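Last residue of the sequence shown: 291 (UniProt numbering), numbering continuous.
A quick write-up on the structure given underneath.
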Amino acid sequence: MGKVKAAIIGSGNIGTDLMYKLENSEVIELTAVIGIEEHSEGLKRAQDKGYKTFFNGIQALIENPELAEIVFDATSAKAHLSHAKILKELGKKVVDLTPAAVGPFFSPAVGTRFGDAPADNVNMITCGGQATIPIVRAVNDVADVAYAEIVATISSKSAGPGTRANIDEFTITTRRGIEEVGGADKGKALIILNPADPPILMRNTIYCEGKNMEEQVVRESIYAMVKKVQEYVPGYRLKQEPLFDGNIVTIFLEVEGAGDYFPPYAGNLDIMTAAAARVGEDIARSVSVLS
């Protein structure tokens, strides 16, 4: 099977880390990194690695559609709303790392198959969603979750301009993901930026109220899901044993990044790029089968 060409739009922190994760892919050939600032750190790093670089944004793909079959959008929710229309017209498969939620939500640990054809636009929800929704799903699979609430706490230093500009979208999109992908009847999401120095690792608290809570069954489902996420995010782990109180279970997670580009404390960013790379590879395999 030949590799499928891909490009990254967005040369900021997320796009740069994703570049490092894709460079050794067995199914994706990264061809270009596209930004809007000619002298950005991300574009310089991409140039040093031999990738084509552009600083005219989406126009680069309009003028050079042959660059990629799969496009990873690591810009912003607002930008992706316009990008999505253009990329659809160009016939590209899109992995959206913004909270724009144009396409269906996706979490690799919950499932990565697209049926007979790859989705045109797959949304990676949010960092908090990628960290917590698999656990909500694990509990829901065996206990029928009526309500789930998550609190994602990240280091202020790992929250760049994009994260800060999209906080409203984060809470709305993550809540939807908790319900639509996690399976909870009702969900709620909160994000906390912690200014502690030295920076803390990403920490997540997940609170689920189940209708059929059986402790051992729920515990085993949670453990199995943690192992699935660890397949692509090795630093994903439980901080302690799940706490049970009647029909309620509370789970505490920690995410340590791989350190490809981000410092290890930025697990919130690392889990997004790792999940996007995994889903992009799945799309590439589907494209190759159909071509």
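Quick reminder that beta carbons are idealized off the backbone N, C-alpha and C, glycines included.
As the structure is a prediction and not an experimental result, all values here were calculated from the model.
Ile8 is bridged by DSSP to Val33, Phe72. Ala148: not part of any alpha helix (DSSP H); member of the beta strand (DSSP E) spanning 145-155, first to last residue.
Annotation for Met202: no alpha helix (DSSP H) segment contains it, though the beta strand (DSSP E) segment containing it runs 202-210. Looking at the DSSP output, Asp96 shares a beta bridge with Asp73, Asn123.
A check of alpha carbon separations from Asn121 across Ala138, Pro134, Gly103 identifies Gly103 as the nearest. The beta carbon of Tyr261 lies closer than 6 Å to those of Thr16, Asp17, Tyr20 in the same chain, with the five residues before and after it left out. In the same chain as Glu38, and ignoring 5 residues on each side of it, the C-beta atoms closer than 8 Å to its own belong to Phe55, in chain order. The Cβ atoms of Tyr207 and Glu149 sit closer than 7 Å to each other. Leaving aside the five residues that flank Val279 on each side, the residues in its chain whose CB is nearer than 8 Å to its CB run, in chain order, Val95, Phe106, Pro108, Thr112, Val122, Met124. In this chain, Tyr265 is not harboured by any alpha helix (DSSP H), its DSSP state being neither H nor E. Check the Cα spacing between Val249 and each of Ser156, Gln240, Asp270: the tightest is with Gln240. Using a Cβ-Cβ distance cut-off of 8 Å, the stretch 216-236 and the stretch 174-194 are not in contact, since fewer than three pairs of beta carbons, one from each stretch, lie closer than that value.
DSSP, reduced to helix, strand and coil, places Leu67 within a helical segment of the structure shown. Contact annotation: Ser158 and Ala275 have beta-carbon atoms that are not nearer than 7 Å. In the DSSP assignment, Glu169 falls outside any beta strand (DSSP E) and within the unbroken alpha helix (DSSP H) covering 167-180. DSSP places Ile192 inside the beta strand (DSSP E), whose first and last residues are 186-194. Contact between the stretch 4-16 and the stretch 24-31 is present: three or more C-beta pairs spanning the two stretches fall below 8 Å.
For the pair Gly129 and Gly177, the CB atoms are nearer than the 7 Å cut-off.
In the structure shown, Leu90 falls within a coil segment according to DSSP collapsed to helix, strand and coil.
Under the criterion of beta carbons closer than 8 Å, Leu61 and Thr53 do not qualify as touching, at roughly 13 Å. According to the DSSP secondary-structure assignment, Lys52 is paired through a beta bridge with Ala32. Asp141 is the residue among Asp141, Ile70, Arg203 whose C-alpha sits nearest the C-alpha of Gly182. In this structure Cys127 is in contact with Ala152, their Cβ atoms being roughly 7 Å apart against a cut-off of 8 Å. A Cβ-Cβ distance of about 4 Å is found for the pair Ala138 and Met225, placing them in contact under the 8 Å criterion. Looking from the CA of Val71, the closest CA among Glu215, Ile58, Glu63, Ala77 belongs to Ile58. Of all alpha-carbon atoms in Phe244, Val136, Asn13, Asn204, the one lying nearest the alpha-carbon of Leu238 is that of Asn204.
Judged by DSSP in its simplified three-state form, Ile248 adopts strand. Taking one beta carbon from each stretch, the stretch 195-204 and the stretch 215-223 have fewer than 3 pairs nearer than 8 Å; the two do not touch.
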